[in-house]
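Student: Residue numbers (our numbering): 27 to 119.
Backbone N, C-alpha and C define an ideal beta-carbon position, used for all residues, glycine too.
Quick caveat: nothing in here was measured; it's all calculated off a predicted structure.
#1: Let me know if residue 91 comes out buried or exposed under the rule of 16 or more other beta-carbons within 10 Å of its beta-carbon.
#2: Leaving out the 5 sequence neighbours to the left and right, which residues in its chain are closer than 8 Å to residue 59 when beta-carbon positions are compared?
#3: Which same chain residues, not among the five before or five after residue 48, have their C-beta less than 7 Å away from its C-beta?
#4: Nearest CA to the CA of residue 84: which residue from 106, 50, 63?
#5: For residue 71, which of 93, 100, 80 has the nearest alpha-carbon?
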(Lines of atoms letter the chains of each structure in order from A and count residues from 1; the text may use other names and numbers.)
(Lines give C-alpha, C1' and ligand atoms only; values in the text may rest on other atoms or scores of the structure.)
Protein backbone atom coordinates (compact mmCIF):
# COMPACT_ATOMS: atom_id res chain seq x y z
CA UNK A 1 0.00 0.00 0.00
CA UNK A 2 1.43 3.37 -0.95
CA UNK A 3 1.96 6.11 1.63
CA UNK A 4 -0.86 8.11 0.07
CA UNK A 5 -3.29 5.19 0.41
CA UNK A 6 -2.28 4.62 4.02
CA UNK A 7 -2.80 8.28 4.84
CA UNK A 8 -6.17 8.25 3.10
CA UNK A 9 -7.29 5.29 5.18
CA UNK A 10 -6.41 7.17 8.37
CA UNK A 11 -8.91 9.86 7.42
CA UNK A 12 -11.82 7.43 7.13
CA UNK A 13 -14.15 7.24 10.16
CA UNK A 14 -12.39 4.26 11.75
CA UNK A 15 -9.00 5.88 11.13
CA UNK A 16 -10.07 9.13 12.79
CA UNK A 17 -11.29 7.18 15.82
CA UNK A 18 -7.96 5.35 15.95
CA UNK A 19 -6.03 8.64 15.76
CA UNK A 20 -8.16 10.15 18.52
CA UNK A 21 -7.51 7.11 20.71
CA UNK A 22 -3.77 7.36 20.03
CA UNK A 23 -3.81 11.08 20.78
CA UNK A 24 -5.46 10.59 24.14
CA UNK A 25 -4.11 7.25 25.33
CA UNK A 26 -0.75 6.31 23.83
CA UNK A 27 2.00 6.30 26.46
CA UNK A 28 4.64 7.30 23.87
CA UNK A 29 4.69 11.07 23.46
CA UNK A 30 6.06 10.98 19.91
CA UNK A 31 3.14 8.76 18.84
CA UNK A 32 0.68 11.18 20.43
CA UNK A 33 2.29 14.11 18.62
CA UNK A 34 2.17 12.31 15.27
CA UNK A 35 -1.50 11.47 15.85
CA UNK A 36 -2.26 15.12 16.70
CA UNK A 37 -0.56 16.25 13.49
CA UNK A 38 -2.55 13.71 11.46
CA UNK A 39 -5.80 14.85 13.08
CA UNK A 40 -5.06 18.41 12.07
CA UNK A 41 -4.33 17.33 8.51
CA UNK A 42 -7.57 15.35 8.42
CA UNK A 43 -9.69 18.47 8.92
CA UNK A 44 -12.25 16.25 10.65
CA UNK A 45 -14.42 18.15 13.17
CA UNK A 46 -14.55 15.07 15.45
CA UNK A 47 -10.93 15.83 16.31
CA UNK A 48 -11.70 19.24 17.81
CA UNK A 49 -12.61 18.11 21.36
CA UNK A 50 -9.57 15.81 21.77
CA UNK A 51 -7.31 18.52 20.36
CA UNK A 52 -8.75 21.06 22.80
CA UNK A 53 -7.97 18.59 25.60
CA UNK A 54 -4.40 18.31 24.29
CA UNK A 55 -4.06 22.09 24.56
CA UNK A 56 -4.02 21.52 28.34
CA UNK A 57 -1.46 18.70 28.34
CA UNK A 58 1.65 19.11 30.48
CA UNK A 59 3.92 18.53 27.45
CA UNK A 60 4.57 21.85 25.66
CA UNK A 61 5.40 20.19 22.33
CA UNK A 62 2.09 18.32 22.31
CA UNK A 63 0.26 21.53 23.23
CA UNK A 64 1.94 23.38 20.38
CA UNK A 65 1.00 20.73 17.82
CA UNK A 66 -2.57 20.63 19.15
CA UNK A 67 -2.85 24.40 18.69
CA UNK A 68 -1.56 24.15 15.12
CA UNK A 69 -3.92 21.23 14.41
CA UNK A 70 -6.92 23.18 15.70
CA UNK A 71 -5.98 26.02 13.40
CA UNK A 72 -5.86 23.61 10.47
CA UNK A 73 -9.36 22.29 11.21
CA UNK A 74 -10.78 25.82 11.40
CA UNK A 75 -13.66 24.98 13.69
CA UNK A 76 -15.28 27.71 15.76
CA UNK A 77 -15.29 25.32 18.72
CA UNK A 78 -11.51 25.44 18.89
CA UNK A 79 -11.25 29.23 18.97
CA UNK A 80 -11.68 29.56 22.76
CA UNK A 81 -8.89 27.05 23.38
CA UNK A 82 -6.63 28.86 20.94
CA UNK A 83 -7.31 32.24 22.55
CA UNK A 84 -6.71 30.80 26.02
CA UNK A 85 -3.34 29.38 24.95
CA UNK A 86 -2.35 32.70 23.39
CA UNK A 87 -3.13 34.48 26.65
CA UNK A 88 -1.15 31.99 28.72
CA UNK A 89 2.20 33.62 29.46
CA UNK A 90 3.85 30.20 29.77
CA UNK A 91 3.15 29.54 26.08
CA UNK A 92 4.96 32.64 24.84
CA UNK A 93 8.66 32.57 24.12
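Tutor: Walking through what the data contain:
#1: Translated into the one-based positions of the chain shown, residue 91 becomes position 65. Label assigned to residue 91: buried.
#2: As a first step, residue 59 must be located in the chain shown, where it is residue number 33. For residue 59, where only same-chain residues beyond five positions count, the Cβ hits under 8 Å are 87, 88, 91.
#3: Numbered from its first residue, the chain shown carries residue 48 at position 22. Cβ within range, chain order: 57, 58, 61.
#4: Taking the chain shown and counting its residues from 1, one reaches residue 84 at position 58. The shortest C-alpha separation from residue 84 is found at 50.
#5: Here the question's residue 71 lines up with position 45 in the chain shown. Measuring from the Cα of residue 71, the nearest candidate turns out to be 100.
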